[in-house]
Every structure is written in C-alpha cells, then in structure tokens.
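Colleague: Please see the structure below; I have some questions.
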Amino acid sequence: MTKQKSKFQDTDRKPLIIGSIVATLIAITPFLFTMYKSVPDVKTWDTFFGVYESNYYESLQVLGWTLVGKFIPLFLLFVWFFTCKHWWYHTLLVPMAMYVFQIIQVFNDDLRFAEENQIIYLLPVMAVIIPSIYLIRARIFNKINEANKSLEELEDEFKMSPKNFWARIKQYF
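The sequence shown begins at 12 in our numbering and counts up one residue at a time.
Shown next, in the form of structure tokens:
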C-alpha cells in the first residue's frame with residue numbers, strides 16, 4: 012500500500028519558512044521600536060566597543076530613539092521592496108534613500124558635520140527612478156490600447172522576478 016502525499020508535502024517549504032521569518036520580523040517591529048529604552052540615559056557610554064559621547068543629543072537614549080525611528084520604517088520599506096510584485100516597486104527606492112540620508116544625518120549631528128542640501132544627493136536616485144517608472148507606465152498603457160490583455164497580464168510581462176535574494180540584489184548592480 013503506497014502512501015499518498017498531501018499537497019503540503021509536495022510543496023517547497025523554503026518559501027514558507029522565509030515567509031514566516033519575514034512575517035515574524037514585521038510582527039515584532041513594535042517591540043524592536045522600544046529597544047532604545049535599553050540604552051542608558053547618559054551623555055557618555057563606555058562599552059566594550061569603545062566610548063561614545065553624544066554631543067548633539069546630550070542623551071544616548073534620545074539618540075537611540077531617533078535612530079530606531081528611522082531604522083524601523085527603513086526596514087519595513089526593505090521588506091516591501093523585496094516582496095513587492097508590482098511593476099512600480101522601484102519607486103520605493105526614493106523613500107528608502109531618504110531614510111538612509113536621515114540616518115546619516117543623525118550620526119552627523121553628533122559629529123557636527125551636517126549637510127543641509129540632502130535633496131542634492133537624492134536627485135540622482137530620483138532622476139533614474141521617476142523617468143523609468145513613467146516609461147514603464149507608458150509602455151503598459153500603449154500595450155493596453157493595442158492588445159486585449161488585462162492590466163494584470165501586462166504587469167506580469169513587466170515583472171522581473173529573480174529566484175532568490177542575491178539574484179534580486181544583483182539585478183540592480
């Protein structure tokens with residue numbers, strides 16, 4: 012007598028495991044946000060990594076609160092970027108770049124090396140992303156007018172879906 016395998020046993024478990032890890036990380040972001048409370052409320056903190064002195068914020072706990080307030084949305088944008096299946100997902104690079112520059116600014120405040128014109132650094136990112144998204148959108152609507160395909164079928168044509176995380180990273184470089 013042969014055993015019949017269920018559909019669950021025939022499926023690949025790797026996407027299920029990765030999806031579970033990502034869902035768990037998203038679910039614990041409120042707890043990750045409160046990590047700043049574990050940092051002492053002092054100006055100078057001596058750790059085994061070295062001594063850090065917060066000159067601008069006057070409190071390492073305030074510095075931690077500021078950094079966590081930037082890292083959590085950046086983390087969620089990264090998750091959205093790598094799991095999004097729509098043609099417009101490259102536009103997420105603009106807010107991601109903004110958060111990266113804000114994190115750099117937080118560290119620069121303590122070092123007194125502040126850059127007021129952050130938009131200048133964002134312009135190259137926006138100069139590539141915005142026209143490319145517009146061109147993809149224009150191609151989609153041209154194909155809609157020429158063909159009898161649905162919007163979902165056209166999105167599937169423009170979708171770039173590498174098989175794994177590193178292939179997705181290499182796609183951008």
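Backbone N, C-alpha and C fix where the C-beta goes; we use that ideal spot for every residue, glycine too.
Candidates Arg-24, Tyr-67, Val-111: which alpha carbon is nearest Asp-121's?
Modeller: Here the closest residue by C-alpha is Tyr-67.
Colleague: Taking Ser-143 as the reference, which of Asn-119, Phe-118, Leu-103 has the closest Cα?
Modeller: Nearest of Asn-119, Phe-118, Leu-103 to Ser-143, Cα basis: Leu-103.
Colleague: Could you check which residue in Ile-32, Val-90, Ile-140, Asn-119 has the C-alpha nearest to that of His-101?
Modeller: The shortest Cα separation from His-101 among Ile-32, Val-90, Ile-140, Asn-119 belongs to Ile-140.
Colleague: Distance check for Asn-153 and Ile-39, CA to CA, integer angstroms please.
Modeller: Approximately 43 angstroms between the Cα atoms of the pair.
Colleague: Which residue from Pro-106, His-97, Leu-78 puts its Cα closest to that of Ile-114?
Modeller: Nearest C-alpha to Ile-114: Leu-78.
Colleague: Could you tell me the alpha carbon to alpha carbon distance between Val-105 and Gln-116, rounded to whole angstroms?
Modeller: Taking the straight line from one Cα to the other gives about 17 angstroms.
Colleague: Assuming the contact rule is C-beta atoms closer than 8 angstroms, Tyr-110 and Pro-84 should be a hit. Round their C-beta distance to whole Å, please.
Modeller: Confirmed, about 6 angstroms.
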